[in-house]
Amino acid sequence: MRIVRATLHDVELPLVHSFETSSHRKSSLRHLLVEVTGEDGTTGWGEIASPAGPYYASETTTIAWHSASEYLIPAVLGAEWEHPDEVSDLFGKIRGHWFAKAGVEMAAWTLYAASTAQALGKALGGTRQSVIAGVSLGIEPSIDELLTQVEKHVSSGYPRVKLKIAPGWDVEPVKAVREAYPELDVHVDANGAYPGDAEAFEILRALDPYGLTMIEQPFAPRNFLDSARLQQQLQTPVCLDESVETLDDLATALELKAGGVLNIKVSRMGGLTAARKAHDLAQEAGWPVWCGGMHEFGIGRLANVAISSLPGFTLPSDVSASQKYYAEDIIEPAVTADAGVVVVPSSPGLGAEVRTGLIAQHATQTQEFTA
Ligand code: OSB
Ligand code: MG
Numbered sequence: 142m143r144i145v146r147a148t149l150h151d152v153e154l155p156l157v158h159s160f161e162t163s164s165h166r167k168s169s170l171r172h173l174l175v176e177v178t179g180e181d182g183t184t185g186w187g188e189i190a191s192p193a194g195p196y197y198a199s200e201t202t203t204i205a206w207h208s209a210s211e212y213l214i215p216a217v218l219g220a221e222w223e224h225p226d227e228v229s230d231l232f233g234k235i236r237g238h239w240f241a242k243a244g245v246e247m248a249a250w251t252l253y254a255a256s257t258a259q260a261l262g263k264a265l266g267g268t269r270q271s272v273i274a275g276v277s278l279g280i281e282p283s284i285d286e287l288l289t290q291v292e293k294h295v296s297s298g299y300p301r302v303k304l305k306i307a308p309g310w311d312v313e314p315v316k317a318v319r320e321a322y323p324e325l326d327v328h329v330d331a332n333g334a335y336p337g338d339a340e341a342f343e344i345l346r347a348l349d350p351y352g353l354t355m356i357e358q359p360f361a362p363r364n365f366l367d368s369a370r371l372q373q374q375l376q377t378p379v380c381l382d383e384s385v386e387t388l389d390d391l392a393t394a395l396e397l398k399a400g401g402v403l404n405i406k407v408s409r410m411g412g413l414t415a416a417r418k419a420h421d422l423a424q425e426a427g428w429p430v431w432c433g434g435m436h437e438f439g440i441g442r443l444a445n446v447a448i449s450s451l452p453g454f455t456l457p458s459d460v461s462a463s464q465k466y467y468a469e470d471i472i473e474p475a476v477t478a479d480a481g482v483v484v485v486p487s488s489p490g491l492g493a494e495v496r497t498g499l500i501a502q503h504a505t506q507t508q509e510f511t512a
């Protein structure tokens with residue numbers, strides 16, 4: 142297979158409800174869409190979902206535009222490959238830039254799936270027909286507003302709620318949500334906001350009695366040691382997100398027992414092939430996995446649904462309905478969740494039509510590349 146043409150679209154969509162994490166608040170999102178054409182005329186799509194600012198990872202949207210247009214797209218254009226597992230090798234010499242690599246590789250995967258008339262999930266080895274979605278709720282201005290958000294999503298059927306926490310917004314919101322919902326599957330995500338000091342350990346230990354499903358990324362991404370120390374002191378599993386960008390990071394985490402659960406993000410790990418390998422490694426080690434999100438538009442969202450159909454994804458994934466984030470998604474039909482259940486598409490390729498008109502309407506820059 143060969144990609145003979147590519148187009149990079151820089152697209153900004155407004156969020157229906159602004160979202161705050163330990164680092165900042167946002168009300169619209171800018172992602173890059175990668176459109177590719179194979180020599181048989183089939184189209185594939187990928188999404189580069191890096192955040193606009195360097196808070197979750199150092200790779201901003203502007204940096205991703207640069208790496209995709211100058212290095213990654215030129216590396217794949219015109220190159221011959223048989224299976225998308227080979228595509229990441231084409232840019233194997235380029236260090237980092239996981240989000241941009243993931244978007245370009247995703248375009249090759251969807252092109253391959255469409256061209257060979259397989260659903261993306263099946264092509265990846267997925268075995269589920271539907272996956273369970275959880276929601277991720279940002280830091281709210283008050284506990285009451287947080288409870289309103291929890292109620293809204295629990296009443297629409299989501300079986301798991303993840304709460305963003307940060308120093309000063311941790312035990313109190315968790316206590317309030319637990320008191321209001323004694324049985325709900327609740328977990329927290331600190332996005333690495335806690336320093337590894339005694340006070341932070343004390344706060345994180347104070348979360349242990351609330352029966353959380355996991356505490357996600359309490360410490361800075363490279364701080365595997367404090368994560369391992371904390372895990373020894375808690376019943377609650379520690380989940381790693383930002384810490385695991387590569388399979389080597391995962392091997393380190395497993396060896397050190399720096400947690401007990403893995404959040405696999407296709408974007409953070411540089412693509413679907415790496416995500417699948419991470420799933421295999423974690424499964425062998427007995428760590429349950431789930432798929433994390435980056436507020437993806439429909440293309441990245443469907444890639445997340447597809448990878449979540451693999452058997453080791455036993456915890457609810459951040460694959461909530463498009464409408465949680467966007468009034469209008471760039472795919473048709475949009476992703477829907479009925480009582481928290483998202484159907485894995487069975488039609489060939491990505492599993493939905495891409496609304497090129499809507500993309501053109503929201504694009505701020507576009508660039509074409511030919512082999
Ligand atoms: O840590 O999981 C995270 C969004 C942006 C940056 C980091 C994270 C998130 C989310 C979004 O939690 C979850 C989703 O896409 O539904
Ligand atoms: Mg996270």
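In my numbering, the protein residues as written are 142 to 512.
Ideal placement from N, C-alpha and C gives every residue a C-beta, glycine not left out.
Just so you know, these numbers come straight off a predicted model, no measurement behind them.
Self-check item: Beta-carbon gap between L103 and A419 smaller than 8 angstroms
Solution: In this structure the chain extends from 142 to 512, so residue 103 is not present and cannot be described.
Self-check item: Given R417 as reference, the closest of T268, L149, P192, A258 once Cα atoms are compared
Solution: T268
Self-check item: Chain-order list of residues whose beta-carbon lies under 8 angstroms from that of P215 (same chain, five-residue window excluded)
Solution: F510
Quiz item: What are the residues that DSSP puts in a beta bridge with L403?
Solution: L381, V430
Exercise. Kindly indicate the opening and closing residues of the alpha helix (DSSP H) around H503.
Key: 497-503
Practice problem: Kindly indicate the opening and closing residues of the beta strand (DSSP E) around W186. | Solution: 184-189 is the span of the beta strand (DSSP E), which, as asked, contains W186.
Self-check item: Beta-ladder partner(s) of H328, from DSSP
Solution: K303
Quiz item: Over what stretch of residues does the alpha helix (DSSP H) that includes I344 continue unbroken?
Solution: 339-347
Practice problem: Please name the residue or residues paired with W310 in a DSSP beta bridge. | Solution: A307
Quiz item: Where does the unbroken beta strand (DSSP E) through H150 begin, and where does it stop?
Solution: 144-161
Quiz item: Candidates G179, V228, F240: which alpha carbon is nearest E386's?
Solution: F240
Self-check item: Beta-carbon spacing of F232, L213 below 8 angstroms
Solution: yes
Self-check item: Where the alpha helix (DSSP H) through T393 begins and ends
Solution: 388-397
Exercise. Report yes if the CB atom of E176 is closer than 8 angstroms to the CB atom of A255, and no otherwise.
Key: no
Exercise. Tell me where the beta strand (DSSP E) around L443 begins and ends.
Key: Counting along the chain, L443 falls outside any beta strand (DSSP E), though it belongs to the alpha helix (DSSP H) covering 439-449.
Exercise. Determine contact between the stretch 461-479 and the stretch 310-324, defined as no fewer than three beta-carbon pairs at a distance below 8 angstroms.
Key: no
Quiz prompt | Three or more C-beta pairs below 8 angstroms linking the stretch 358-373 and the stretch 389-406 | solution = yes
Practice problem: State yes or no: is the C-beta of N445 nearer than 7 angstroms to some heavy atom of the ligand MG? | Solution: no
Exercise. On a CA-only basis, which of E473, A426, Y351 is nearest E396? Give me that one, please.
Key: A426
Quiz prompt | Closest Cα partner of A147 within the set G237, K263, G244, K167 | solution = G244
Quiz item: Can the beta-carbon of E188 be found less than 8 angstroms from the beta-carbon of L170?
Solution: no
Practice problem: List the DSSP bridge partners of D99. | Solution: A query on residue 99 cannot be resolved here, the shown segment of the chain reaching from 142 to 512 and no further.
Quiz item: If you draw a straight line from the C-alpha of P429 to the C-alpha of I344, how long is it?
Solution: 25 angstroms
Practice problem: Quick one: give me the first and last residue of the beta strand (DSSP E) that T178 is part of. | Solution: 166-179
Practice problem: Compare the beta carbon distance of D349 and Q376 with 8 angstroms and say whether it is the shorter of the two. | Solution: yes
Self-check item: Environment of E383 [buried if 16+ CB atoms lie within 10 Å]
Solution: Buried, since its Cβ has 16 or more Cβ neighbours within 10 Å.
Quiz item: Based on the DSSP output, what are the partners of S277 in its beta bridges?
Solution: Partner(s): K303.
Exercise. Specify, as a first and last residue, the run of the alpha helix (DSSP H) that E286 falls within.
Key: 284-296
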